[in-house]
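> Residue numbering for the sequence shown follows our numbering, starting at 5 and increasing by one per position. Just so it is clear, CB atoms sit at the ideal spot from N, CA and C, and this is done for glycine as well. Submitted below is the structure of interest, expressed as structure tokens.
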Amino acid sequence: MHRCFLIRNADVILTMDDDRQEIKGGDILVRDGVITAVGQGLYDDDAQIVDAQGCLVTPGLVNTHHHLYQTLTRAVPGAQDALLFGWLKTLYPIWAGFGPEHMRISALVGLAELALSGCSTTSDHLYLYPNGARLDDTVEAAQAIGMRLHATRGSMSIGESAGGLPPDSLVESEEDILNDCIRVIDTFHDPNPGAMIRVGVAPCSPFSVSRELMRDSAILARDKGVMMHTHLAENDEDIAYSLEKFGMRPGQYAEELGWTGPDVWHAHCVKLDVDEVALFARTGTGVAHCPCSNCRLGSGIAPVRGMRDAGVHVGLGVDGSASNDTGNLIVEARTAMLLQRVSLGADKMSPREMLEIATRGGAEVLGRDDIGRLEVGKRADIALWDMSDIEAAGSWDPAALLLAGPTRVRDLFIEGRHVVADSRVTTIDMGMTIETQTRLAKALIEKV
Ligand SMILES: [Zn+2]
5 MHRCFLIRNA
15 DVILTMDDDR
25 QEIKGGDILV
35 RDGVITAVGQ
45 GLYDDDAQIV
55 DAQGCLVTPG
65 LVNTHHHLYQ
75 TLTRAVPGAQ
85 DALLFGWLKT
95 LYPIWAGFGP
105 EHMRISALVG
115 LAELALSGCS
125 TTSDHLYLYP
135 NGARLDDTVE
145 AAQAIGMRLH
155 ATRGSMSIGE
165 SAGGLPPDSL
175 VESEEDILND
185 CIRVIDTFHD
195 PNPGAMIRVG
205 VAPCSPFSVS
215 RELMRDSAIL
225 ARDKGVMMHT
235 HLAENDEDIA
245 YSLEKFGMRP
255 GQYAEELGWT
265 GPDVWHAHCV
275 KLDVDEVALF
285 ARTGTGVAHC
295 PCSNCRLGSG
305 IAPVRGMRDA
315 GVHVGLGVDG
325 SASNDTGNLI
335 VEARTAMLLQ
345 RVSLGADKMS
355 PREMLEIATR
365 GGAEVLGRDD
375 IGRLEVGKRA
385 DIALWDMSDI
395 EAAGSWDPAA
405 LLLAGPTRVR
415 DLFIEGRHVV
425 ADSRVTTIDM
435 GMTIETQTRL
445 AKALIEKV
């Protein structure tokens, strides 16, 4: 794509700026990956034109929780109807057979799937490193696609022999974990505005690492100036485990070990009580809400309305493809909106508020003010949705994006790069990637 381009004559631009401006017949001018003008009737001699007639334009969506490696284990029979802990025990032995190629190819597939659903920034939580796999494999995949990535270096240190859930072959020593966290932060983390790669520190969950590793991870993250992420309060089993093992609720446990603050975000938080929601609001702790995964595993409906009303930063996450099993972020937004409405009433979550959570909200959770909205000076992460095709034909308002469709973008720009054009990923050979993914999945199925 030309270094300067003009998105012209969009039906509506939802800017998600501080005034939540909506611009009819709107244009966006981009130069060198940054938005330089937003308005009507814009003109630039130098600019290549992108005709946006018939399109709704939104900021690129932000995904705050994923395990990209799991796109190789969708719809695994033994895990289809299991509860969380049983689900994990079915999948661990399969994941133990993964290596670097599995990590890279499944990340490519997951990232492409996200891009096609309008997502321009994703976080990833990789907490197992069998057979020479490294966080580097996922970073390479994101660089190949051109996706903005917050890669978190996950970890598990308590194996079966020590009373934990994962097999011993999937856990690492706490010393190795902390050393590799330092390595990947020093190698990949970019703290600057417009960063394409940031790194975070992310023990898998309070039930797969020790109290010491939770605490040391927080100290390391703060020393390095990076963010922290984990799973918290996912379901009733999770709360019971916390009460039994730690003698306190997950929110208290997090607070005690330094796991609250604006540099922390927790996935799920389905079972937070009102005191824990108040704690998160007071401390600026973020939440990655993963509605499809919560439905799939029967975990419950997270109190998103209550969190938002209390002032908690909430973003959306598709979660891994072993528990969704799709990775479509706009579908996730629709599901999140519907779940708040089925539990609280149709007036309790509007399509516009949910689109805000999916864009600006996710950016806040990841500690970024340079993305998630379309205004001058922000990065050019822009999604164009064709509202003239079958899914949205006959719609009266931009709310149709969540109430009707489409579920695939027409165009997606990330840092001004044309990553999706005519609803196809432009940056990698998608056919070959899917072929390799299918071959790897078949080999895994044969081994079970
Ligand atoms: Zn997860």
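(1) Is there at least one non-hydrogen atom of ligand 1 closer than 7 Å to the beta-carbon of A271?
(2) With which residues is G204 paired in a DSSP beta bridge?
(3) Give the single residue among P266, K228, D50 whose Cα lies nearest to the Cα of L370.
(4) Could you name the residues of the same chain whose beta carbon sits closer than 6 Å to that of G365, not counting the 5 residues immediately before and after it, in chain order?
(5) Specify the secondary structure class of H71 as computed by DSSP and reduced to three states.
(6) Which residues mark the beginning and the end of the beta strand (DSSP E) in which P355 is found?
(7) Identify, in the order they occur along the chain, each residue of the same chain with its Cβ nearer than 7 Å to the Cβ of S392, setting aside the five sequence neighbours on each side.
(8) Would you check if the distance between the CB atom of V54 and the CB atom of L10 is smaller than 8 Å?
(9) Which residue wins for smallest C-alpha separation from S297, given the options A83, M311, V413, R12?
(10) Can you tell me whether K275 is helix, strand or coil according to DSSP?
(11) Would you tell me roughly how many angstroms separate the C-alpha atoms of C273 and D50, rounded to the nearest one?
(12) Taking only the alpha-carbon atoms, compute the straight-line gap between R412 and L120 and give it to the nearest angstrom.
(13) Straight-line CA distance for T431 to Q256?
(14) Using 8 Å for Cβ pairs, my map puts A86 next to P171. What's the rounded Cβ distance?
(15) If you follow the alpha helix (DSSP H) that N298 is in, where does it begin and where does it stop?
(16) Cβ of D313 less than 8 Å from any chain D Cβ?
(17) Specify the secondary structure class of L132 as computed by DSSP and reduced to three states.
(18) Are the CB atoms of A244 and M232 nearer to each other than 8 Å?
(19) Mark V278 as exposed unless 16 or more other C-beta atoms lie within 10 angstroms of its C-beta, in which case mark it buried.
(20) Which first and last residues belong to the alpha helix (DSSP H) in which K249 is found?
(21) Is the distance from the Cβ of C294 to the Cβ of V335 below 8 Å?
(22) Suppose the cutoff is 6 Å on Cβ atoms and the five residues either side in sequence are ignored; what does the same chain contact list for E450 look like?
(23) Label E439 either buried or exposed according to how many other C-beta atoms from any shown protein chain fall within 10 Å of its C-beta, with 16 as the threshold for buried.
(24) DSSP state of W91, grouped into three classes?
(25) For the beta strand (DSSP E) containing Q52, name the first residue and the last one.
(26) Cutting at 6 Å between CB atoms, please list the residues of its own chain near F192, excluding the five before and the five after it.
(27) Run the CB neighbour count on S165, radius 10 Å, all protein chains shown included, and call it buried at 16 or more, exposed below.
(28) Taking C-alpha atoms, which residue in G37, D31, Q52, S303 lies nearest to Q44?
(29) Tell me whether D323 counts as near ligand 1, meaning its Cβ is closer than 7 Å to at least one heavy atom of that ligand.
(30) If you follow the beta strand (DSSP E) that H106 is in, where does it begin and where does it stop?
(31) Taking the alpha-carbon positions, what's the K249 to V268 distance?
This is what the structure holds:
(1) Residue mapping note: residue 271 aligns to position 267 of the sequence shown, counting from 1. Relative to ligand 1, the nearest heavy atom lies less than 7 Å away from the CB of A271.
(2) Position 200 of the sequence shown, counted from the start, is the residue given in the question as residue 204. T156, M231, per the DSSP bridge assignment.
(3) For the purposes of this step, residue 370 is taken as the residue at position 366 of the sequence shown. Of P266, K228, D50, the residue nearest in Cα terms is P266.
(4) Indexing the sequence shown from 1 puts residue 365 at position 361. Here the set comprises V318, G319.
(5) Counting from one through the sequence shown, the residue named residue 71 turns up at place 67. Residue state, collapsed to three classes: coil.
(6) As a first step, residue 355 is located in the sequence shown; it is residue number 351 there, counting from the start. P355 -> not in any beta strand (DSSP E); alpha helix (DSSP H) instead, spanning 355–360.
(7) Numbered from 1 along the sequence shown, position 388 holds the residue referred to as residue 392. So the list reads G58, once near-sequence residues are dropped.
(8) Sequence index remark: in the sequence shown, residue 54 carries index 50 (1-based). Sequence index remark: in the sequence shown, residue 10 carries index 6 (1-based). If you check the CB distance, V54 and L10 come in under 8 Å.
(9) Working through the sequence shown from its first residue, we reach residue 297 at position 293. Minimum Cα distance to S297 is reached at A83.
(10) On the sequence shown, residue 275 is found 271 positions in, with the first residue counted as 1. Note: K275 maps to coil in three-state DSSP.
(11) By 1-based counting over the sequence shown, the position of residue 273 is 269. By 1-based counting over the sequence shown, the position of residue 50 is 46. When rounded, the distance between both Cα atoms is 48 Å.
(12) The residue labelled residue 412 in the question sits at position 408 within the sequence shown. The residue labelled residue 120 in the question sits at position 116 within the sequence shown. So the alpha carbons of these two residues sit roughly 5 Å apart.
(13) Locating residue 431 in the sequence shown gives position 427, where the first residue counts as 1. Locating residue 256 in the sequence shown gives position 252, where the first residue counts as 1. Just so you know, the alpha carbons of T431 and Q256 end up roughly 45 Å apart.
(14) Counting from one through the sequence shown, the residue named residue 86 turns up at place 82. Counting from one through the sequence shown, the residue named residue 171 turns up at place 167. Incorrect: roughly 17 Å between the Cβ atoms, too far for contact.
(15) Within the sequence shown, the letter at position 294 stands for residue 298. Segment 295–300, the alpha helix (DSSP H) holding N298.
(16) This model lacks chain D altogether, as it is built from one protein chain only.
(17) The sequence position of residue 132 within the sequence shown is 128, counting from 1. The answer is coil: DSSP assigns L132 none of H, G, I, E or B.
(18) Looking up residue 244 in the sequence shown gives position 240. Looking up residue 232 in the sequence shown gives position 228. Going by C-beta atoms, A244 is not nearer than 8 Å to M232.
(19) Working through the sequence shown from its first residue, we reach residue 278 at position 274. V278 should be labelled exposed.
(20) In the sequence shown, residue 249 corresponds to position 245, counting from 1. In this chain, the alpha helix (DSSP H) harbouring K249 covers 240–250.
(21) Residue mapping note: residue 294 aligns to position 290 of the sequence shown, counting from 1. Residue mapping note: residue 335 aligns to position 331 of the sequence shown, counting from 1. Taking a C-beta distance under 8 Å as the contact criterion, C294 and V335 do not qualify as a contact pair.
(22) One-based indexing of the sequence shown puts residue 450 at position 446. There are no such residues.
(23) Residue numbering aside, residue 439 sits at position 435 when the sequence shown is read from its first letter. Under this definition E439 is an exposed residue.
(24) Locating residue 91 in the sequence shown gives position 87, counting from the first residue. Note: W91 maps to helix in three-state DSSP.
(25) One-based indexing of the sequence shown puts residue 52 at position 48. Per DSSP, Q52 belongs to the beta strand (DSSP E) from 52–55.
(26) On the sequence shown, residue 192 is found 188 positions in, with the first residue counted as 1. The residues are V143, I201, V203.
(27) Within the sequence shown, the letter at position 161 stands for residue 165. Exposed.
(28) Position 40 of the sequence shown holds residue 44. Looking at the Cα atoms, D31 is the closest of the given residues.
(29) By one-based count along the sequence shown, residue 323 stands at place 319. Yes - ligand 1 has a heavy atom lying nearer than 7 Å to the Cβ of D323.
(30) Taking the first residue of the sequence shown as position 1, residue 106 is located at position 102. Note, H106: premise wrong, no beta strand (DSSP E); alpha helix (DSSP H) at 104–120.
(31) By one-based count along the sequence shown, residue 249 stands at place 245. By one-based count along the sequence shown, residue 268 stands at place 264. About 23 Å.
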